[in-house]
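Quick mapping for you: the protein sequence lines, in order, are chains A and B. When you line the first sequence up against full-length UniProt numbering, it's residues 1 to 362, in that order. When you line the second sequence up against full-length UniProt numbering, it's residues 1 to 362, in that order.
Protein chains: 2
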Amino acid sequence: MSTLDHFWAVVPAGGAGTRLWPLSRKAAPKFLHDLTGRGRTLLQDTHDRLEPLVADRLLVVTGADHRDAVLEQLADIDPEQVLAEPSARDSMAAIGLAAALLERRDPDAVMGSFAADHVIADPGEFRRVVARAAETAAEGWLVTIGITPTHPATGFGYIARGDALGAPGVFEAAEFVEKPSAEVAREYVDRGYQWNAGMFVVRPGVLLDLLGEQDPAFASALRGIADDPQTLADVWPTLPRIALDHAVAEPAAAAGRVAVVPGDFGWDDVGDFDSLGTILDAGNATANRTGPVVLGDPGLVQVIDSDALVVPASGRVVAVIGLDDIVVVDTPDALLVTRRSRAQDVKQVVASLQQQGRDDLT
Amino acid sequence: MSTLDHFWAVVPAGGAGTRLWPLSRKAAPKFLHDLTGRGRTLLQDTHDRLEPLVADRLLVVTGADHRDAVLEQLADIDPEQVLAEPSARDSMAAIGLAAALLERRDPDAVMGSFAADHVIADPGEFRRVVARAAETAAEGWLVTIGITPTHPATGFGYIARGDALGAPGVFEAAEFVEKPSAEVAREYVDRGYQWNAGMFVVRPGVLLDLLGEQDPAFASALRGIADDPQTLADVWPTLPRIALDHAVAEPAAAAGRVAVVPGDFGWDDVGDFDSLGTILDAGNATANRTGPVVLGDPGLVQVIDSDALVVPASGRVVAVIGLDDIVVVDTPDALLVTRRSRAQDVKQVVASLQQQGRDDLT
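Below, the structure is given as structure tokens:
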């Protein structure tokens, strides 16, 4: 029986995707949308990508508000595979809860956590890298899959690679570093650092033990919920809001207990409309793109002299004249017009609408 | 009894206003819209501006399709004051029909034609200039009101001034010239040429006689309709499609029979969104404008770092980030995003939609 027979996928499906407003909303976050125009949402794509590895050994952890939408989109999975967080408590609580449940359920389990709202161009290569990570995780390592950078991005954290471990393509992770400046990013890329995509592969017990070394109460609270799921509602609101990276991965790397498996399979977190445009551009390149980049019905888009990203999501005709680098996102109740270089600032509009009490629009 | 007691206003209400799409449509052209944000449409503004001069001596000439809308907007006028053209035959036919009717109705009539879709900042000064033009027209001149240029515009024709006539502020019109290049426009402005705003003041019989010298059949067809209005439907489609400028004003000027009265009352033909932005800007300047220029509810517009003209006409929120010189026009079924410097090219979108059979949108 191989490690992969006990390999479980944990899919945290959370995050507002504020920078993808007005497409992404609190009520319908990014992972519920088809952002590649291929007819599957990011969540469905994530499921499809993992299914050949895990069959039904897959857990989705999502907000209580989104549980029904997740079940609707993943029609084939058992309702028990979708865990509902009573409230958002960041990734350590979400992934830790799944770890505590799996620790009890399958003593030989190795789990991998993969966000529901990322895009991966080459799922086959992704699965090969994950399988390699799982073998290393089975030996007791906390394994992270580090993405081989395609450019000196400033929007991701990086992972410094240390010595090679025994297996080919597996290295000690020397350090996790925060999102860098443009200059530092170039240095990281030159030194062979990987992007931190938040993909962790680990035995559930190892993860919880590492957490217990930093915060024993947190680890035992998670194991307590697994022991008696009735306590979830009471215990959950007391859990710390902290990312797995900070709670476990960084201290464990400092202690020499993290491995990194480099992966090169066309990864993107679709963080904003600039990133979305790049993904759609890449998808269209093979089709000899001549017009604008359109996510939706190209018949609705009239463009003259414009290098535009247009999302015609309201059914209305969208005409764009004489504008390069432009982003137009048209939804039934809100319209965004910006440029790709200002894609990060979309969250300011959302903040402003929230201040104005327009929760209906965010 | 003064000339003004027999002064009639003729208001041609036609023209698609294609460069103001998607606000202006075939079914609801420019003159039916409130483009200044002051609560009156251009047609209503035109009526209000003329009423102190003419009371109910005002005729609107419009397409049969728009007669009901005109009557609805001008609730106080008599239905007989609104002449319906069976089809669009350009300005000579439209204004000539009104002239033929007035020639029969009031032997002492002097008429002035003023388009329904222009904006005038100072109606008092406008009326003073019109009154001066009417006195000269009563003497038998074809009088045009020439607009004193505020800049070397390339979008208007110009009028070359000749010798001063007897009355103060009245000159012979030496020549009508077509829309110039930028360089020629600067020369025209330096030489004191006026913009041709298509405003003609003339005794109806003089206008028809001048037409008769160029095209006797056209003049007698118009007089024939006035003689027996039942023949309108049959005769109308046979009339030439020609502008009054070409049919009458240009040859009459060459013959020394046209006078020009310069006017300086803040005129604009609101030809495109650049022009609209300038008008709204000027209107807002006194109000210490700090944000975007909005035609509509400013509460619907969220703007960050953008010098934008936004028309939120669908009720949806419009967010614009990091774009200068931008125009966003949001209507229930179509959206336009362009820049003010490309405002002329909006008609290309309309042409393209028509080619695609999307008459519902044009």
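Backbone N, C-alpha and C fix where the C-beta goes; we use that ideal spot for every residue, glycine too. Keep in mind it's a predicted model, so treat the numbers as computed, not measured.
Run of the beta strand (DSSP E) containing residue i, from where it starts to where it stops
| i | result |
| --- | --- |
| R132 (chain B) | From DSSP, R132 (chain B) is part of no beta strand (DSSP E) but of the alpha helix (DSSP H) over 123 to 138. |
| F176 (chain B) | 171 to 177 |
| V260 (chain B) | 258 to 263 |
| A197 (chain A) | 194 to 202 |
| V311 (chain B) | 308 to 312 |
| D163 (chain B) | 158 to 164 |
| D56 (chain A) | Element bounds for D56 (chain A): n/a, residue is neither H nor E. |
| L361 (chain B) | It is not in any beta strand (DSSP E) - L361 (chain B) carries neither H nor E in the DSSP assignment. |
| G146 (chain A) | 142 to 147 |
| V270 (chain B) | Per DSSP, V270 (chain B) belongs to no beta strand (DSSP E) and is neither H nor E. |
| I242 (chain A) | It is not in any beta strand (DSSP E) - I242 (chain A) carries neither H nor E in the DSSP assignment. |
Range covered by the alpha helix (DSSP H) that runs through residue i
| i | result |
| --- | --- |
| T3 (chain A) | Segment: none, T3 (chain A) is in no alpha helix (DSSP H) and carries neither H nor E. |
| E103 (chain B) | 90 to 105 |
| V248 (chain B) | V248 (chain B) -> no alpha helix (DSSP H), and no H or E assigned at all. |
| A116 (chain A) | Counting along the chain, A116 (chain A) falls outside any alpha helix (DSSP H), and DSSP gives it neither H nor E. |
| L71 (chain A) | 67 to 73 |
| E85 (chain B) | Counting along the chain, E85 (chain B) falls outside any alpha helix (DSSP H), though it belongs to the beta strand (DSSP E) covering 82 to 85. |
| I326 (chain A) | From DSSP, I326 (chain A) is part of no alpha helix (DSSP H) but of the beta strand (DSSP E) over 326 to 330. |
| L222 (chain A) | 216 to 227 |
| Q355 (chain B) | 346 to 355 |
| D76 (chain A) | No alpha helix (DSSP H) contains D76 (chain A), which DSSP labels as neither H nor E. |
| A185 (chain A) | 182 to 190 |
Interface flag, residue i vs chain A, CB-CB below 7 angstroms
| i | result |
| --- | --- |
| L239 (chain B) | no |
| A287 (chain B) | Because the pLDDT at A287 (chain B) is just 48, under 50, the model does not fix this residue reliably, and the value given afterwards should be weighed accordingly. It does not: the Cβ of A287 (chain B) has no partner Cβ on chain A nearer than 7 angstroms. |
| L20 (chain B) | no |
| S275 (chain B) | no |
| L361 (chain B) | yes |
| S352 (chain B) | yes |
| F7 (chain B) | no |
| D345 (chain B) | yes |
| R127 (chain B) | no |
Selected residue, minimal CA-CA separation from residue i, among the options
| i | options | result |
| --- | --- | --- |
| F273 (chain B) | B:V293, B:W267, B:R223, B:G357 | B:V293 |
| P123 (chain B) | B:W267, B:L276, B:M111 | B:W267 |
| P107 (chain A) | A:P204, A:F156, A:R161 | A:P204 |
| A115 (chain A) | A:A243, A:W141, A:L165 | A:A243 |
| G17 (chain A) | A:A98, A:V270, A:P229, A:W236 | A:V270 |
| R67 (chain B) | B:D190, B:L32, B:V206 | B:L32 |
| W141 (chain A) | A:R132, A:P149, A:I147, A:T148 | A:R132 |
| P332 (chain A) | B:V317, B:V261, B:R241, B:L71 | B:V317 |
| D190 (chain A) | A:L222, A:A160, A:A109, A:G212 | A:A160 |
| H118 (chain B) | B:L23, B:T41, B:A185 | B:T41 |
| E85 (chain B) | B:A282, B:V235, B:G291 | B:V235 |
| Q194 (chain B) | B:A259, B:F218, B:S2 | B:A259 |
| D264 (chain A) | A:I326, A:S341, A:L102, A:E125 | A:E125 |
| G39 (chain A) | A:V327, A:R25, A:L295, A:L335 | A:L295 |
| D228 (chain B) | B:Q214, B:A100, B:P237 | B:A100 |
| L300 (chain A) | A:D281, A:G283, A:D307, A:V320 | A:V320 |
| A255 (chain A) | A:Q348, A:G198, A:D297, A:F176 | A:F176 |
| G96 (chain B) | B:A9, B:V329, B:G291 | B:A9 |
| G15 (chain A) | A:F7, A:S2, A:L43 | A:L43 |
| R241 (chain B) | B:A69, B:E135, B:A88 | B:A88 |
Chain C residues whose Cβ lies nearer than 8 angstroms to that of residue i
| i | result |
| --- | --- |
| L335 (chain A) | No chain C is present in this structure, whose protein chains are A and B. |
is_contact[residue i, chain B] using C-beta, thresh 7 angstroms
| i | result |
| --- | --- |
| Q348 (chain A) | yes |
| R67 (chain A) | no |
| L71 (chain A) | no |
| R342 (chain A) | yes |
| T154 (chain A) | no |
| R57 (chain A) | no |
| R339 (chain A) | yes |
| G271 (chain A) | no |
The ligand GTP heavy atom lying under 6 angstroms from the CB of residue i
| i | result |
| --- | --- |
| L222 (chain B) | With respect to the ligand GTP, the structure shown offers nothing to examine, as it has no ligands at all. |
Residues bridged to residue i [DSSP beta-bridge criterion]
| i | result |
| --- | --- |
| A319 (chain B) | A:L336, B:Q302 |
| G63 (chain B) | B:E85 |
| G277 (chain A) | Note: G277 (chain A) sits in no beta bridge, so no partner. |
| E13 (chain A) | First, the residue type needs correcting, since residue 13 (chain A) is Ala and not Glu in the sequence shown. Bridge partners of A13 (chain A): A:T62. |
Output, in sequence order along the chain, the residues in the segment 293 to 325 of chain A whose CB is closer than 7 angstroms to any CB in chain B. Q302, I304, R316, V317, V318, A319, V320, I321, G322, L323
When Cβ atoms are compared, which residues of the segment 25 to 38 of chain B fall closer than 7 angstroms to chain A? none
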